[in-house]
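Enquirer:
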Amino acid sequence: MQKVNPPPALPLLTIAVPATPSTASADDDAPASPSSTTSKSSPTNSECSDVPVVSRSPKPAKGFLETPSLLPPVHEYSAHLDSLTSRSIPAQLAHTHPYARLVSKKDGSKRRKIWNHALEKSIFTSQEISSMGAPRRRTIYIASLEAHVDQLHAQLLDLGLYPVPFERLEIYRGLNSKTAKSMVAGLHHDSSHIKMKLLELERANRGLDDLLTQNASVPDSGPIRRHSVDMPVSYSHRK
Numbered sequence: 003m004q005k006v007n008p009p010p011a012l013p014l015l016t017i018a019v020p021a022t023p024s025t026a027s028a029d030d031d032a033p034a035s036p037s038s039t040t041s042k043s044s045p046t047n048s049e050c051s052d053v054p055v056v057s058r059s060p061k062p063a064k065g066f067l068e069t070p071s072l073l074p075p076v077h078e079y080s081a082h083l084d085s086l087t088s089r090s091i092p093a094q095l096a097h098t099h100p101y102a103r104l105v106s107k108k109d110g111s112k113r114r115k116i117w118n119h120a121l122e123k124s125i126f127t128s129q130e131i132s133s134m135g136a137p138r139r140r141t142i143y144i145a146s147l148e149a150h151v152d153q154l155h156a157q158l159l160d161l162g163l164y165p166v167p168f169e170r171l172e173i174y175r176g177l178n179s180k181t182a183k184s185m186v187a188g189l190h191h192d193s194s195h196i197k198m199k200l201l202e203l204e205r206a207n208r209g210l211d212d213l214l215t216q217n218a219s220v221p222d223s224g225p226i227r228r229h230s231v232d233m234p235v236s237y238s239h240r241k
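For the sequence shown, the working numbering assigns the number 3 to the initial residue and increments by one for each residue that follows.
1) Consult DSSP for Gly-209 and reduce its assignment to one of helix, strand or coil.
2) Flag Tyr-164 as yes if its beta-carbon sits less than 9 Å from any beta-carbon of chain C, otherwise no.
3) What does a CB cutoff of less than 6 Å around Leu-159 pick up in its chain, not counting 5 residues either side in sequence?
4) Within 8 Å: the Cβ of Glu-130 and any heavy atom of the ligand MG?
5) State buried or exposed for Phe-168, treating a residue as buried only when at least 16 other CB atoms are found within 10 Å of its CB.
6) What are the boundary residues of the alpha helix (DSSP H) that Tyr-143 is part of?
7) When the Cα atoms are used, what is the spatial distance from Gln-216 to Ser-194?
8) Using the C-alpha atoms, what's the distance from Gly-188 back to Val-151?
9) Looking at the secondary structure, which residues open and close the alpha helix (DSSP H) in which Ile-173 lies?
10) CB Arg-140 to CB Glu-130, shorter than 9 Å?
11) In terms of alpha-carbon separation, which member of Ser-132, Ser-146 and Ala-206 lies closest to Asn-7?
12) For Thr-181, does the three-state DSSP call read helix, strand or coil?
13) Just to confirm, are Tyr-143 and Glu-172 a CB contact at a threshold of 9 Å?
14) Rounded to whole angstroms, what's the CA-CA distance from Ile-196 to Leu-161? Just pull it up for me.
15) Can you tell me where the alpha helix (DSSP H) holding Gln-129 begins and where it ends?
16) Cα separation between Ala-206 and Gly-176?
17) Out of curiosity, what's the CA-to-CA distance linking Gly-209 and Leu-203?
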């Protein structure tokens, strides 16, 4: 697919509207902080000395103080706590680094398919994808895709397969544009895999041809002399 640049779009008419001034400042609407109020109304040390201290904590019930505790005494756990602190914690039980969990989370996350951007990468270079904005690339992509579809229609017309009957197009009525794009990208993905297989077969055939030509260029060395594996009689062990 070749990249086709669409015609430049007309500039849009923009009208500047003056901003209305705000009626009240943000400082007037904001409530006063509690630190400022306490600093203004805080009494001095001489005033605090005459004020009696009144506790506002609720009094516990009389039955609560008289009821014995259900927990066992603390001294029973002293030996157990000393044994736990004296033990050495092995290195295997240490907590792993928190960033190590990112690998496991990434496997279960939703990922975009690779072949969704195959057509885009066949049109633009990596520098254009990183430097050009997405709206501009989308416009060029649509224009290039329309030109590619026109070329396919011309090829089908030369082969006698175009125009396509309306009965065969009935199943695609009401098809979503995203679904159609995914179908085209899937066909492009399959064709790229088939092309890779063909290239691998061609490379294997070239390797076999080179091997055959090398074997054909080696001259014939004549008949091979075969040696016997039988031991001589003089070297055989006799009892």
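Cβ atoms here follow ideal geometry from the backbone N, Cα and C, with glycine treated the same way.
The structure displayed is predicted, hence computed values, not measured ones.
Expert: Taking the definition as stated:
1) helix
2) The structure shown contains no chain C, having only a single protein chain.
3) none
4) This structure does not include the ligand MG; it has no bound ligands of any sort.
5) exposed
6) 136-160
7) 33 Å
8) 16 Å
9) Element bounds for Ile-173: n/a, residue is neither H nor E.
10) no
11) Ser-146
12) helix
13) no
14) 22 Å
15) 128-133
16) 46 Å
17) 10 Å
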